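*Asks:* Under our numbering, the first residue of the sequence shown is numbered 49, with each subsequent residue one higher. Ideal Cβ placement from N, Cα and C applies to all residues, glycine included. Since this is a predicted model, take the numbers as computed values, not measurements. Following this message is one structure expressed as structure tokens.
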Amino acid sequence: MKGVEDLKKRVAVLVMLMLILVNLAGCAQKEKVEDVLRVAYTTDPQGLDPHRTAAVATFNITGSIYDTLLAVTPDWEIEPRLAESYTISPDGMEITFNLRKGVKFHNGREMKAQDVKFSFERLKGEDSPKAGDYKNIDGIEVLDDYTIKFTTTNLDVELVKAFTYPWTAIVPAEAADTLQTDPVGTGAYKFVQWIPQQQVKLTRNDEYFGEKAKIKDLEFILIPDATSQLAALQVGDIHITEITGNQVKTLSENPDLKVYTEPMNAVQILALNQENKALADVRVRQAIAKAIDKDAIIETVVWGYGDKIGAHLPVNYPDYIDTNHVMPYDPEGAKKLLAEAGYADGLNLELILPKSYQIHVDTGQIIADQLSKVGINTDIKIIEWGQWLSDVYSGKQYEMTVVALSGRLDSYYFLKRYHSESKDFISIPSGDIDELLEQSLKETDAAKRQEIFHQIQMILAERVPVVYIQTPHKTFGLAKNVEGFRIYPIDIYEYQNVYFAK
49 MKGVEDLKKR VAVLVMLMLI LVNLAGCAQK EKVEDVLRVA YTTDPQGLDP HRTAAVATFN
109 ITGSIYDTLL AVTPDWEIEP RLAESYTISP DGMEITFNLR KGVKFHNGRE MKAQDVKFSF
169 ERLKGEDSPK AGDYKNIDGI EVLDDYTIKF TTTNLDVELV KAFTYPWTAI VPAEAADTLQ
229 TDPVGTGAYK FVQWIPQQQV KLTRNDEYFG EKAKIKDLEF ILIPDATSQL AALQVGDIHI
289 TEITGNQVKT LSENPDLKVY TEPMNAVQIL ALNQENKALA DVRVRQAIAK AIDKDAIIET
349 VVWGYGDKIG AHLPVNYPDY IDTNHVMPYD PEGAKKLLAE AGYADGLNLE LILPKSYQIH
409 VDTGQIIADQ LSKVGINTDI KIIEWGQWLS DVYSGKQYEM TVVALSGRLD SYYFLKRYHS
469 ESKDFISIPS GDIDELLEQS LKETDAAKRQ EIFHQIQMIL AERVPVVYIQ TPHKTFGLAK
529 NVEGFRIYPI DIYEYQNVYF AK
């Protein structure tokens with residue numbers, strides 16, 4: 049019997065050891081899972097070179113790989129990043145940056161002032177879609193390894209904000225030719241792998257000059273449609289995803305998930321190409337504006353998570369004024385304007401919509417239905433995001449399109465795309481606001497400058513170079529234990545401060 053008892057004891061010990069091992073394995077697995085943050089995204093980045101794109105989809109990934117001289121906090125404060133400090137000359141025409149010492153690129157080389165000069169000269173080059181934003185900078189002088197001076201042609205009272213945007217990322221010259229597929233920056237995360245149409249993998253930069261990322265690995269998972277994204281969040285395959293208004297209730301009822309929402313620093317528009325003969329007539333543009341029921345769009349497309357606008361500034365902007373009364377919903381008034389313009393028998397226009405953004409596709413389809421009721425027939429064409437960027441944004445080959453324009457900290461930089469010389473896809477050929485835009489750059493009195501922006505908004509509301517739809521809200525679904533995620537004013541996200549709560 050003693051042998052049997054000994055055997056039972058040995059078996060019991062073995063069982064206990066096995067349970068302990070299983071438990072440890074489970075803990076290890078949990079630690080492994082919770083050392084990877086998985087974020088869903090809807091469309092592949094347009095390459096990973098920050099100086100060769102205008103796509104927010106790219107910057108939401110590259111923002112973790114690269115750094116800029118200055119940064120903006122979620123509370124709209126400007127703070128040093130790669131720069132330790134900066135000074136502006138008394139005449140406002142020069143800005144000098146003192147760089148942090150010891151900052152290393154992911155290839156191990158120290159970042160110096162020559163890298164800043166190279167990066168901005170590259171940003172200002174003809175291959176850069178953001179070159180026009182920096183044409184006022186006519187001099188870049190390296191004073192020493194850690195000091196660099198920028199000189200402007202004209203006074204720009206808000207120039208300092210231009211150094212916060214993700215397309216001003218600092219890159220090493222030796223890696224420039226391969227940044228599209230093998231990015232090298234100074235950011236909190238390093239590039240590991242990009243499998244097109246599947247995922248982008250990053251890992252923590254342990255030599256980062258600032259606070260190290262709290263989660264070791266960051267993975268962006270391509271999930272093209274909102275329904276599949278929500279399903280992936282519900283089963284735990286991802287931790288963060290943008291959600292639509294109609295998904296909020298479903299997500300709120302799940303105790304393992306939570307909702308985070310804020311108004312975007314963005315405006316959703318129906319762009320109207322004035323190179324088209326009909327759209328060059330202000331009466332036609334006004335008719336289109338009067339035919340659109342913005343309230344119905346907001347209620348149907350984003351389930352009320354949006355604020356209608358009448359001009360090109362978000363509702364949370366300091367310089368915003370409500371101009372919705374200028375072109376109210378008035379289908380009968382729209383018909384009269386069309387008749388006055390010579391289109392009493394109707395008008396045919398093409399409407400291009402970006403496939404990757406369901407909010408714009410849904411908005412466009414509702415607009416098409418509303419326009420049909422006043423005699424405007426639309427031929428809807430849904431295209432891939434990359435094609436939209438090349439054909440519409442860069443090539444201006446469109447008649448109407450729906451999109452959101454986002455990510456500026458100053459009213460001038462939001463509105464400058466309307467300047468007749470901007471070459472933007474919504475520039476105003478007649479130059480209706482050129483003079484006011486130029487005045488705003490030189491006006492140092494804050495109240496007077498704000499009044500200039502109020503005037504510009506009224507002109508835009510009356511002249512309707514585009515139809516202003518809404519300031520959408522960004523709404524995210526998060527795993528319950530995800531903390532530290534914030535929406536930044538330029539509508540990009542940083543992940544180094546995100547962590548899993550215990």
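In terms of alpha-carbon separation, which member of Val-530, Ala-210, Asp-539, Pro-537 lies closest to Asn-545?
*Replies:* Here the question's residue 545 lines up with position 497 in the sequence shown. The candidate whose alpha carbon is nearest that of Asn-545 is Val-530.
*Asks:* Keeping to the same chain, check which residues put their C-beta closer than 8 Å to that of Lys-152; ignore five residues upstream and five downstream.
*Replies:* Locating residue 152 in the sequence shown gives position 104, where the first residue counts as 1. Same-chain partners within the cutoff: Glu-158, Met-159, Thr-234, Glu-255, Phe-257.
*Asks:* Between the C-alpha atoms of Gly-88 and Val-307, what's the straight-line distance to the nearest angstrom?
*Replies:* Here residue 88 is taken as the residue at index 40 of the sequence shown, counted from 1. Here residue 307 is taken as the residue at index 259 of the sequence shown, counted from 1. Position check: residue 88 holds Ala in this sequence, whereas Gly was assumed. Their backbone Cα atoms lie some 15 Å apart in a straight line.
*Asks:* When DSSP labels each residue in this structure, what does Gln-435 get in the three-state scheme?
*Replies:* Here residue 435 refers to the residue found at position 387 when the sequence shown is read from its first residue. Looking at Gln-435 - three-state DSSP - the assignment turns out to be helix.
*Asks:* For the alpha helix (DSSP H) holding Glu-510, just list the boundary residues, first then last.
*Replies:* On the sequence shown, residue 510 is found 462 positions in, with the first residue counted as 1. Note, Glu-510: alpha helix (DSSP H), 494–511.
*Asks:* Pairing CB atoms from the segment 325–340 with CB atoms from the segment 294–303, are three or more of them under 8 Å?
*Replies:* No: fewer than three Cβ pairs fall under 8 Å.
*Asks:* Nearest CA to the CA of Ile-143: which residue from Thr-200, Gln-94, Lys-383, Pro-177?
*Replies:* Along the sequence shown, read from residue 1 onward, the residue named residue 143 stands at position 95. When each option's Cα is compared against that of Ile-143, the closest is Thr-200.
*Asks:* With a Cβ-Cβ cutoff of 8 Å, do Ser-488 and Ile-474 count as a contact?
*Replies:* Mapped onto the sequence shown, residue 488 falls at position 440. Mapped onto the sequence shown, residue 474 falls at position 426. Cβ distance not < 8 Å, so Ser-488 and Ile-474 don't count as in contact.
*Asks:* Quick one: what's got a C-beta closer than 6 Å to Gln-30's C-beta in the same chain, skipping five residues either side?
*Replies:* Coverage of the chain is limited to positions 49 through 550, which leaves residue 30 absent and any answer about it impossible.
*Asks:* Hey, quick one: how far does the alpha helix (DSSP H) through Pro-379 stretch, first residue to last?
*Replies:* Here the question's residue 379 lines up with position 331 in the sequence shown. Note, Pro-379: alpha helix (DSSP H), 379–388.
*Asks:* Looking at C-beta atoms only, is the number of pairs between the segment 359–367 and the segment 407–427 that lie closer than 8 Å three or more?
*Replies:* The answer is no - the segment 407–427 does not touch the segment 359–367, with fewer than three Cβ pairs under 8 Å.
*Asks:* Report, in whole angstroms, the separation of the C-beta atoms of Ile-28 and Trp-436, which I expect to be a contact under 8 Å.
*Replies:* This structure leaves residue 28 out entirely; the chain is present only between 49 and 550.
*Asks:* In its own chain, which residues sit with a C-beta less than 8 Å from the C-beta of Leu-171, not counting the 5 before and 5 after it?
*Replies:* For the purposes of this step, residue 171 is identified with residue 123 of the sequence shown, where counting begins at 1. Excluding sequence neighbours, Leu-171 sits near His-99, Lys-178, Ala-179, Tyr-182, Trp-215, Thr-216.
*Asks:* Label Asp-115 either buried or exposed according to how many other C-beta atoms from any shown protein chain fall within 10 Å of its C-beta, with 16 as the threshold for buried.
*Replies:* In the sequence shown, residue 115 corresponds to position 67, counting from 1. With 16 or more Cβ atoms within 10 Å of its Cβ, Asp-115 is classed as buried.
*Asks:* If you drop the 5 nearest sequence neighbours on each side, which residues of the same chain put their C-beta closer than 6 Å to that of Leu-117?
*Replies:* Taking the first residue of the sequence shown as 1, we reach residue 117 at position 69. Leu-130, Ala-131, Phe-145, Phe-211.
*Asks:* Please list, in chain order, all residues of the same chain as Gln-445 whose beta carbon is under 8 Å from its beta carbon, the five residues on each side excluded.
*Replies:* For the purposes of this step, residue 445 is identified with residue 397 of the sequence shown, where counting begins at 1. Closer than 8 Å at the Cβ level, and outside the excluded window around Gln-445, lie Asp-439.
*Asks:* My understanding is that Thr-371 touches Gly-358, with C-beta atoms under 8 Å, so please give their C-beta distance in whole angstroms.
*Replies:* Along the sequence shown, one-based indexing puts residue 371 at 323. Along the sequence shown, one-based indexing puts residue 358 at 310. Indeed they touch by this definition, with Cβ atoms about 3 Å apart.
*Asks:* Count the other C-beta atoms from every protein chain shown that fall within 10 angstroms of the C-beta of Leu-266, then say buried if there are 16 or more, exposed otherwise.
*Replies:* On the sequence shown, residue 266 is found 218 positions in, with the first residue counted as 1. Buried, by the Cβ-count rule.
*Asks:* Would you check if the distance between the CB atom of Ala-452 and the CB atom of Gln-316 is smaller than 8 Å?
*Replies:* For the purposes of this step, residue 452 is taken as the residue at position 404 of the sequence shown. For the purposes of this step, residue 316 is taken as the residue at position 268 of the sequence shown. In contact: Ala-452 and Gln-316 (Cβ atoms closer than 8 Å).
*Asks:* Please report the Cβ distance between Leu-227 and Asp-97, rounded to the nearest whole angstrom; I am assuming they are in contact, meaning their Cβ atoms lie under 8 Å.
*Replies:* By one-based count along the sequence shown, residue 227 stands at place 179. By one-based count along the sequence shown, residue 97 stands at place 49. With 8 Å as the limit, Leu-227 and Asp-97 qualify as a contact, their Cβ atoms being about 4 Å apart.
*Asks:* Starting from Ile-109, trace the alpha helix (DSSP H) in both directions and tell me its first and last residue.
*Replies:* By 1-based counting over the sequence shown, the position of residue 109 is 61. Unbroken alpha helix (DSSP H) run through Ile-109: 104–110.
*Asks:* Ignore the nearest five residues each way along the sequence and tell me which others in Thr-101's own chain have a CB closer than 7 Å to its CB.
*Replies:* The residue you call residue 101 lines up with position 53 of the sequence shown. If we look at Thr-101 and ignore the five residues flanking it on each side, its Cβ neighbours are Gln-94, Gly-95, Pro-177.
*Asks:* Which class does Asn-71 belong to by DSSP, given the choice of helix, strand or coil?
*Replies:* Residue numbering aside, residue 71 sits at position 23 when the sequence shown is read from its first letter. Unreliable placement is indicated for Asn-71, whose pLDDT of 46 sits below 50; no coordinate value is reported for it.
*Asks:* Ile-336 to Leu-361, Cα distance in whole Å?
*Replies:* By 1-based counting over the sequence shown, the position of residue 336 is 288. By 1-based counting over the sequence shown, the position of residue 361 is 313. If I take the Cα positions, the gap works out to 20 Å.
*Asks:* Counting only the same chain and skipping the five closest in sequence on each side, list residues whose C-beta sits under 7 Å from that of Gln-334.
*Replies:* Numbered from 1 along the sequence shown, position 286 holds the residue referred to as residue 334. Within the same chain, Gln-334 has close Cβ partners Met-375, Leu-385, Val-512.
*Asks:* Report yes if the C-beta distance between Ile-424 and Gly-443 is below 8 Å; otherwise report no.
*Replies:* Translated into positions along the sequence shown, residue 424 becomes position 376. Translated into positions along the sequence shown, residue 443 becomes position 395. It is not a contact, given that the beta carbons lie outside the stated cut-off.
*Asks:* Whole angstroms are fine: how far does the CA of Glu-380 sit from the CA of Ala-119?
*Replies:* The residue labelled residue 119 in the question sits at position 71 within the sequence shown. The residue labelled residue 380 in the question sits at position 332 within the sequence shown. C-alpha separation (whole angstroms): 48 Å.
*Asks:* Reducing DSSP to helix, strand and coil, say where Gln-77 ends up.
*Replies:* Residue mapping note: residue 77 aligns to position 29 of the sequence shown, counting from 1. Low local confidence applies: a pLDDT of 41 at Gln-77 is under 50, so the model's placement there is unreliable, with the coordinate-based value given in what follows. Helix, per DSSP.
*Asks:* So Glu-301 is in the beta strand (DSSP E); what residue range does that whole segment cover?
*Replies:* Start at 1 with the first residue of the sequence shown, and residue 301 comes out as number 253. Unbroken run through Glu-301: none, as it is neither H nor E.
*Asks:* CA-CA distance, Tyr-237 and Lys-262?
*Replies:* The sequence position of residue 237 within the sequence shown is 189, counting from 1. The sequence position of residue 262 within the sequence shown is 214, counting from 1. One C-alpha to the other measures close to 11 Å.
*Asks:* Can the beta-carbon of Phe-175 be found closer than 8 Å to that of Ile-218?
*Replies:* Within the sequence shown, the letter at position 127 stands for residue 175. Within the sequence shown, the letter at position 170 stands for residue 218. For the sequence presented, residue 175 should be read as Asp rather than Phe. No; because the gap between Cβ atoms is not below 8 Å, this pair is not in contact.
*Asks:* At 4 residues or longer, and completely inside the segment 322–365: list those alpha helix (DSSP H) runs for me, N to C.
*Replies:* Segments of the alpha helix (DSSP H) lying fully in the segment 322–365: 330–339, 342–349.
*Asks:* Helix, strand or coil for Ser-454, going by three-state DSSP, please let me know.
*Replies:* As a position in the sequence shown, residue 454 is number 406, starting the count at 1. In this structure, Ser-454 counts as strand in the three-state DSSP scheme.
*Asks:* Pick from Ala-549, Tyr-541, Ile-428, Lys-550: whose alpha carbon is nearest that of Thr-121?
*Replies:* Walking along the sequence shown from the start, residue 121 turns up at place 73. Here the closest residue by C-alpha is Tyr-541.
*Asks:* Could you check the C-alpha separation between Lys-383 and Asp-329 for me, to the nearest Å?
*Replies:* As a position in the sequence shown, residue 383 is number 335, starting the count at 1. As a position in the sequence shown, residue 329 is number 281, starting the count at 1. Approximately 14 Å between the Cα atoms of the pair.
*Asks:* Quick check on this structure: which residue in Thr-292, Arg-86, Ser-404 has the alpha carbon closest to the alpha carbon of Phe-524?
*Replies:* What you label residue 524 is simply residue 476 of the sequence shown in a count that begins at 1. It is Thr-292 whose Cα lies nearest to the Cα of Phe-524.
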